[in-house]
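Okay, so here's the structure we're looking at.
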Amino acid sequence: MLGKTANGLFWMSRYLERAENTARLIETGQRIALTRLGATDDEWTSILQSASAQGSFEAAGLEVTRDNAVNWLLRDPANPSSILSTIDTARQNARLVRTAITGEIWEAINSSYMQIREMLARKVPERDLPGVLRRIRQNAALVRGMVHGTMMRNDNYDFLRIGTFLERADNTARILDVKYYVLLPSVSAVGSSIDNVQWESILRSVSARGGFRMEYGIQGGPREIAHFLILDKRMPRSLAFCVGKLDNNLRYLTSAMPKACETQRKVTQLQQAYLSHDVDAIFDYGLHQYIQSVLGRLSDIARQIEIDFRFYE
Amino acid sequence: MPDTFDEMWGTSDELRDPYRQFHDWFTQEDSKRLKSKQRDAEDLFRLSGITFNVYGKAEAEERLIPFDIIPRIISGSEWFKLSRGIEQRVRAINAFLYDIYHSREIVKAGRVPEAMIRDNEAFLPQMIGVNPPGGVYTHIVGIDLVRTGPGEFFVLEDNARTPSGVSYMLENRETMLQMFPELFSQNRVQPVQNYPADLVRSLAASAPDMGARDPVVAVLTPGIYNSAYFEHAFLADQMGVQLVEGHDLRVVGGRVAMRTTQGYTPIDVLYRRVDDEFIDPLNFNPESALGVPGIMDVYRAGRITIANAPGTGIADDKAIYSYMPEIVEFYTGERPLLKNVETWRCSEPSSLSYVLDNLSELVVKEVHGSGGYGMLIGPTSSKKELSEFRKKLEAKPENYIAQPTLSLSTVPIFSRSGLAPRHVDLRPFVLCSPGNIRVTPGGLTRVALKKGSLVVNSSQGGGTKDTWVLED
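Just so you know, the protein sequences line up as chains A and B, in that order. Numbers 14 to 326, taken from our numbering, label the letters of the first sequence in order. Numbers 47 to 518, taken from our numbering, label the letters of the second sequence in order.
Written as structure tokens, this is what we have:
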């Protein structure tokens, strides 16, 4: 397969994943704003941070309000990470790799793009927001279903998966990075309602509330949340799960290659150094520092993929 | 002007045979249902992304070509005659190209003036003495035809460089099959769906001889911002081959190779949708970022097939066009089966004065123009337009040819008030490989959607239709 095609597939799936994650972050922010338990403007600041959109938001001179934050994340063309921008970029990449994906996947992406563009053509009134966000997530699910149901399990598929899981790991790590302090033992005044809202917001933003309840009932606290989001290999958005998938798909990809690739070595190292201890060791190391290191390694792995698979030269 | 020939109703409102079944069906259809089908068809096109980019219009970067649901129907016997004429013409074009890049017998015989070739912008001196693998110059040809009567077809243009539009032929049929399956049970329509398989076989058969293994075929596109990108991706996808851009390719070990995730893989046949002058910055336009530096050297060494061969443009040049009857006769020894439209070469003083005297009756085209740009349609032009064009013509007469305004046939379209006649042309697609010429039954029908208009180009308000060739 062409290096350019691998590049296009990788970024197509990263942007699709990013759009879905941003939709989930907006839902979380909106939910917390409505329940009026947290200090809401702070909440939008941390949502913008988690979506890597705070820098551009400030640069645009906008004031942190619900309306401004939602509009920036949903549809502002000046925000390259807005849902509208990411869906557009995902579709451009899909056009570029049209020959490497099935017709069904292309049509799913194209129809999602057309629907989302239509829905986001104007500012979304608050009463329409839940429906719009639901449709965005449904469209993302449609594309994922088409990938799952129609793609050959070959190199093309592996690059799609690698992009998806790298983006997802990055997203989970960023949410933890922004909210690490509410998970620190020293701050967790047990049972205080603020913390519960904060914890819930973390779980919601990675669609983990249901899974967490199933696992821990109503007992779990910050230590369990940190374990769940970082180390639980059954939780499809945890770091351990995403990096495990990254590792598997890299192995399929390189199994026929003559020599081991540098990306694989770096992923293995990430797993061994950061994902094979228990959660107490992470707290001992320092949660914030730990997450920063993981984020650094994830972006290093992304750079290495570009080199190893000849995305550009 | 004589009465316009309508392909459904003839000239005397008598239903023509190929349309009989269709007419029965149509008269029983509810026009509301058809209107909603017309909308469904548009949705299908939008979903599949079959769009084209209009140059110079940033705000509407991707546009749909309007599709009309009424098929254009041609009988098997009409098609048989037509396709034989097309084959003959394409054989002659390939022989002509070989000749002008080798010994130029046709010039020696005095049938085509030497200056016509030597001074032609589309003539490529780099191709002199080069032998394309398998001897084929034009692997893919689109012959533009117009019709003026029951058996009267004229060739308007031979597209021998990189003809486009075949994806519309295929998608139009696909859409009709989904919209109106019952029509295909009632009518025996010859299939077009084999085109991609025929194309990849034909390209593979034209590969340089490199042993028994399967040749590697790739499609070269200028990229996603090109107006025909959809078609490039569509064809690569349908053929199951790689779609590459210039920066994916380089010359490695005397072969043209593409950069894969595991290193460089050589290519045997490159179906390029990039113009001659951009194909090799070392040999042609040094500014080009679309091509492959050094590909011409590999080509001259016989180690890659470029389809179509560089330098084929001279065969579809509008000045050469006027010599096509002689060219066909010279190389095939047969009388041309397809007619040429009478053409005045404005480079010749006597023709020029005739053209200037009769400007309001004629169609005047730029010799190297395409897409319907820069042409004058005398009968529909204003006095001001005529006098402005006259100045251009007098300033650079060798840049123009002129033709009579033909009474193009009409085919019904589905309009708000029911069926309404509109002018059409037809572009059948031809595949050539060593010893084999194949014409796909039908082709792309372009239709001028504006009442009375003769301009069918998609960039100027034209639409398309499914084109049926019936089994007789």
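Glycine is no exception: its CB is placed at the ideal position from the N, C-alpha and C atoms.
Residue i in three-state terms, based on DSSP
| i | result |
| --- | --- |
| Pro-209(B) | coil |
| Val-292(A) | helix |
| Asn-546(B) | The structure shown does not extend to residue 546(B), since chain B is modelled only from 47 to 518, so the question has no answer here. |
| Phe-23(A) | helix |
| Thr-57(B) | coil |
| Ala-32(A) | helix |
| Gln-449(B) | strand |
| Ser-201(A) | At Ser-201(A), the pLDDT of 49 sits below 50, so the modelled position is not reliable; the number obtained from the coordinates is stated separately. It is coil, neither helix nor strand. |
| Pro-196(B) | coil |
| Gln-317(A) | helix |
| Tyr-8(A) | The structure shown has nothing for residue 8(A), since chain A only spans 14 to 326. |
| Asn-386(B) | strand |
| Arg-111(A) | helix |
| Ala-253(B) | coil |
| Ile-423(B) | strand |
| His-469(B) | strand |
| Thr-307(B) | coil |
| Tyr-271(B) | coil |
| Arg-174(A) | helix |
| Thr-78(A) | coil |
| Thr-221(B) | helix |
| Asp-363(B) | coil |
| Ala-104(B) | A caution first: Ala-104(B) carries a pLDDT of 49, below 50, which makes its placement in the model too unreliable to give a value. |
| Val-238(B) | coil |
| Lys-511(B) | strand |
| Glu-203(B) | strand |
| Glu-326(A) | coil |
| Gln-288(B) | strand |
| Pro-312(B) | strand |
| Thr-281(A) | helix |
| Leu-110(B) | strand |
| Ser-461(B) | strand |
| Ala-8(A) | Shown here, chain A extends from 14 to 326; a query on residue 8(A) therefore has no answer. |
| Ile-60(A) | helix |
Listed by chain order, chain B residues near residue i by CB distance under 7 Å
| i | result |
| --- | --- |
| Met-132(A) | Simply none; closest approach about 16 Å. |
| Gly-16(A) | Arg-305, Thr-306, Thr-307 |
| Glu-120(A) | Leu-93, Ser-94 |
| Phe-322(A) | Thr-307 |
| Met-3(A) | Chain A is shown only over 14 to 326; residue 3(A) falls outside these bounds and no answer can be derived. |
| Met-164(A) | The premise fails here: Met-164(A) is roughly 14 Å from chain B at the closest Cβ pair, so nothing lies under 7 Å. |
Proximal residues of chain A, C-beta to C-beta of residue i below 8 Å
| i | result |
| --- | --- |
| Ile-270(B) | Gln-105, Arg-108, Leu-109 |
| Asp-294(B) | Leu-15, Gly-16, Lys-17 |
| Ala-279(B) | Arg-108, Arg-111, Thr-112 |
Under 7 Å from the C-beta of residue i: neighbouring residues of chain A
| i | result |
| --- | --- |
| Leu-289(B) | Thr-112 |
| Asp-283(B) | Arg-111, Thr-112 |
Residue i: contacting residues in chain A (beta-carbon distance under 9 Å)
| i | result |
| --- | --- |
| Asp-145(B) | In chain order: nothing, as chain A lies at least about 37 Å away. |
Beta-carbon neighbours of residue i, restricted to chain B and to distances below 9 Å
| i | result |
| --- | --- |
| Asn-123(A) | Arg-92, Leu-93, Ser-94, Gly-95 |
| Met-127(A) | Arg-92, Leu-93 |
Proximal chain B residues relative to residue i, where beta-carbon distance stays under 8 Å
| i | result |
| --- | --- |
| Asp-168(A) | Thr-307 |
Residues within the segment 230 to 250 of chain B neighbouring chain A, beta-carbon criterion of under 7 Å: none
Runs of alpha helix (DSSP H) wholly within the segment 321 to 359 of chain B (minimum 4 residues, chain order): 341 to 346
Ignoring anything shorter than 4 residues, give me the alpha helix (DSSP H) runs that lie fully in the segment 113 to 171 of chain B, in order along the chain. 122 to 146, 151 to 154, 160 to 164
Is the number of C-beta pairs between the segment 313 to 329 of chain B and the segment 126 to 136 of chain B that are closer than 8 Å three or more? no
Could you tell me whether the segment 145 to 153 of chain A touches the segment 23 to 35 of chain A, using the rule of 3 or more Cβ pairs below 8 Å? yes
Are there three or more Cβ pairs, one per stretch, closer than 8 Å when the segment 83 to 98 of chain B is compared with the segment 478 to 487 of chain B? no
Using a Cβ distance threshold of 8 Å, determine whether the segment 396 to 410 of chain B contacts the segment 346 to 361 of chain B, with at least three qualifying pairs required. no
Is it true that the segment 503 to 510 of chain B meets the segment 233 to 244 of chain B, where meeting means three or more beta-carbon pairs spaced less than 8 Å apart? no
Under 8 Å: do the segment 60 to 70 of chain B and the segment 213 to 226 of chain A share three or more Cβ pairs, one atom per stretch? no
Under 7 Å (Cβ pairs) to chain B, residues found in the segment 254 to 284 of chain A: Met-270
Assess, as a yes-or-no matter, whether the segment 255 to 271 of chain B is touched by the segment 86 to 95 of chain A under the definition of 3 or more beta carbon pairs within less than 8 Å. no
For the 8 Å Cβ check, are there 3 or more pairs between the segment 367 to 386 of chain B and the segment 340 to 359 of chain B? no
Are at least three pairs of beta-carbons, each pair with one atom in the segment 107 to 116 of chain A and one in the segment 62 to 79 of chain A, less than 8 Å apart? no
Per the contact definition of three or more C-beta pairs closer than 8 Å, is the segment 96 to 112 of chain A in contact with the segment 124 to 131 of chain A? yes
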